[in-house]
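*Asks:* If you're matching positions, the sequence shown starts at 781 in the numbering used here and goes up one per residue.
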Amino acid sequence: MAYSIKRQVHEIFEQFEKAKNRHDKIKVLKNHEEVAALKDVLRGIFDDRIQWNLPGGAPPYVENNPDTSPSTLLKQHMKFKYFVKGLRESENMIKFKREKMFIDVLESIHPEDAKILVSMINKKNPVKGLTKKIVQEAYPNLIP
Numbered sequence: 781m782a783y784s785i786k787r788q789v790h791e792i793f794e795q796f797e798k799a800k801n802r803h804d805k806i807k808v809l810k811n812h813e814e815v816a817a818l819k820d821v822l823r824g825i826f827d828d829r830i831q832w833n834l835p836g837g838a839p840p841y842v843e844n845n846p847d848t849s850p851s852t853l854l855k856q857h858m859k860f861k862y863f864v865k866g867l868r869e870s871e872n873m874i875k876f877k878r879e880k881m882f883i884d885v886l887e888s889i890h891p892e893d894a895k896i897l898v899s900m901i902n903k904k905n906p907v908k909g910l911t912k913k914i915v916q917e918a919y920p921n922l923i924p
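See below:
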């Protein structure tokens with residue numbers, strides 16, 4: 781495993797987009813394989829078994845100031861279990877509370893990471909050139 785500074789998910793995606801070819805794109809992902817939030821986002825986008833227990837579209841939220849974000853996606857991704865259909869944590873939560881929690885997450889992280897989460901719950905790809913196939917090559921055991 782290559783050593784890397786733990787970057788925010790949007791920073792990793794920026795590196796990914798700048799990579800010149802498929803090999804370099806896969807290398808960017810592999811260089812950040814210790815970033816659990818990145819893997820959770822990729823799984824959330826491309827794993828067909830994961831369905832989000834949230835309304836589609838973009839929820840009403842206020843973008844955070846990128847310089848003063850009180851939290852990060854690297855910390856907040858642990859709350860994803862409250863948003864996945866079929867998981868006990870999500871199913872036992874009142875709909876309003878679950879949606880409010882998601883908005884709170886969006887408002888507490890960097891605005892670029894918030895946009896990535898909105899894309900994720902809509903099963904839309906937030907990054908040019910990112911495909912399920914590339915993710916499977918970089919992380920063979922992540923998505924069936």
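Using N, Cα and C, we set each Cβ at its ideal position, and we do this for glycine too. Keep in mind the model is a prediction, meaning the values are calculated, not measured.
Going straight from the alpha carbon of residue 808 to that of residue 873, what length do you get?
*Replies:* The count along the sequence shown starts at 1 and reaches residue 808 at position 28. The count along the sequence shown starts at 1 and reaches residue 873 at position 93. So the alpha carbons of these two residues sit roughly 37 Å apart.
*Asks:* Assign residue 828 to buried or exposed, taking buried as 16 or more other Cβ atoms, counted over all protein chains shown, within 10 Å of its Cβ.
*Replies:* To locate residue 828, count along the sequence shown from 1; it is residue 48. Exposed, because fewer than 16 other Cβ atoms sit within 10 Å of the Cβ of residue 828.
*Asks:* According to DSSP, simplified to helix, strand and coil, what is residue 842?
*Replies:* Here residue 842 corresponds to residue number 62 of the sequence shown, with the count starting at 1. Residue 842 falls in the coil class under three-state DSSP.
*Asks:* Assess contact between the segment 908-919 and the segment 834-847, defined as three or more Cβ pairs (one per stretch) separated by less than 8 Å. Is contact present?
*Replies:* At 8 Å Cβ cutoff, the stretches do not touch.
*Asks:* Tell me the residue span of the alpha helix (DSSP H) that contains residue 895.
*Replies:* Counting from one through the sequence shown, the residue named residue 895 turns up at place 115. From DSSP, the alpha helix (DSSP H) with residue 895 extends over 891-901.
*Asks:* Taking 8 Å as the cut-off, does the segment 895-904 touch the segment 811-824 (at least 3 CB pairs, one atom from each stretch)?
*Replies:* These segments touch.
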